[in-house]
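Student: Residue numbers are given in our numbering: position 160 of the sequence shown equals residue 143, and the series is strictly consecutive.
Note that the Cβ used here is the ideal one computed from N, Cα and C, for glycine as well.
Just so you know, these numbers come straight off a predicted model, no measurement behind them.
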Amino acid sequence: MPVKFTRKIDREKVRGLYEKEKGEKLKLRYKALLLLDQLDNNAAEVGRRIGKSRTTIGLWVQRYNQQGLAGLKDKKQPGRPPRLTKQQQEKLKHLILTKLPTDIGWEYPVWDGKSLAYLIKKLFSLAIKVRRCQYLFHEMGFGLQRPRHSFAKADKKKQAGFRRDFKKNSKTWILKKK
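1. Would you mind reading off the limits of the alpha helix (DSSP H) that contains residue 93?
2. Note down, in chain order, each residue of its chain lying with its Cβ closer than 6 Å to the Cβ of residue 111, except the 5 sequence neighbours on either side.
3. Use the C-beta contact count for residue 40: other C-beta atoms within 10 angstroms, 16 or more gives buried, fewer gives exposed.
4. Under 7 Å Cβ to Cβ from residue 16, same chain only, skipping five residues before and after it: list those, please.
5. Roughly how many angstroms lie between the CA atoms of residue 28 and residue -5, to the nearest whole one?
6. My output table needs one value for residue 25: the three-state DSSP class, helix, strand or coil.
7. What is the DSSP secondary structure of residue 48, counted as helix, strand or coil?
8. Please check if any C-beta of chain B sits within less than 9 Å of the C-beta of residue 5.
9. Pick out whichever of 146, 72, 86, 49 has its Cα sitting closest to the Cα of residue 107.
10. Roughly how many angstroms separate the alpha carbons of residue 25 and residue 52, rounded to a whole number?
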């Protein structure tokens, strides 16, 4: 079934954009325009050739007719608005930097997803999942640090000497035990 163009297709311009384009979606739309021009505006045949429905091809042509080549590009989707405002996030960041979780009534002395969820519930009456709180830490610029064991009787000089000697001799063969 033919589709109607109300704009003239500049084949050379579309072909140039097609060759330069790196995104697969937009490249496919440019290809569809070129094929429509070649196949007498037969949307069903173009759809079969590129693996899209006739309706999709018709929608692309409609967008092209209304907005030109810019209409073929996808618009940025806004997404869901954040539940915490920027001011609330700044307040959280300040509290995390200045207080321990034990100061706000949490039993453990380190900040983690659970303690942040508790703080948000207490301050802003918002129930936020632990995993989202872990992402919030990352968004606010914090990194996860885990405690490491340190041995009380360890000799720093001997450890440094061992590392140095090990690097020198690290290309020797060692028998693996089976």
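Tutor: The short version:
1. Stepping through the sequence shown from its first residue, residue 93 is reached at position 110. Taken as a continuous stretch (DSSP letters only), residue 93 belongs to no alpha helix (DSSP H), as it is neither H nor E.
2. Taking the first residue of the sequence shown as 1, we reach residue 111 at position 128. 100, 103, listed in sequence order.
3. The sequence position of residue 40 within the sequence shown is 57, counting from 1. The residue is buried, with at least 16 neighbouring Cβ atoms inside 10 Å.
4. If you number the sequence shown from 1, residue 16 lands on position 33. These residues qualify, in order along the chain: -8, -3, 47.
5. Within the sequence shown, residue 28 is the residue found at index 45, counting from 1. Within the sequence shown, residue -5 is the residue found at index 12, counting from 1. Taking the straight line joining both Cα atoms gives about 22 Å.
6. As a position in the sequence shown, residue 25 is number 42, starting the count at 1. The answer is strand: DSSP assigns residue 25 an E or B state.
7. Residue 48 sits at position 65 when you count from the first residue of the sequence shown. Of the three classes helix, strand and coil, the one that applies to residue 48 here is helix, per DSSP.
8. Looking at the structure shown, chain B is missing, and only one protein chain is on hand.
9. As a first step, residue 107 is located in the sequence shown; it is residue number 124 there, counting from the start. Closest by alpha carbon: 72.
10. As a first step, residue 25 is located in the sequence shown; it is residue number 42 there, counting from the start. As a first step, residue 52 is located in the sequence shown; it is residue number 69 there, counting from the start. Approximately 19 Å between the Cα atoms of the pair.
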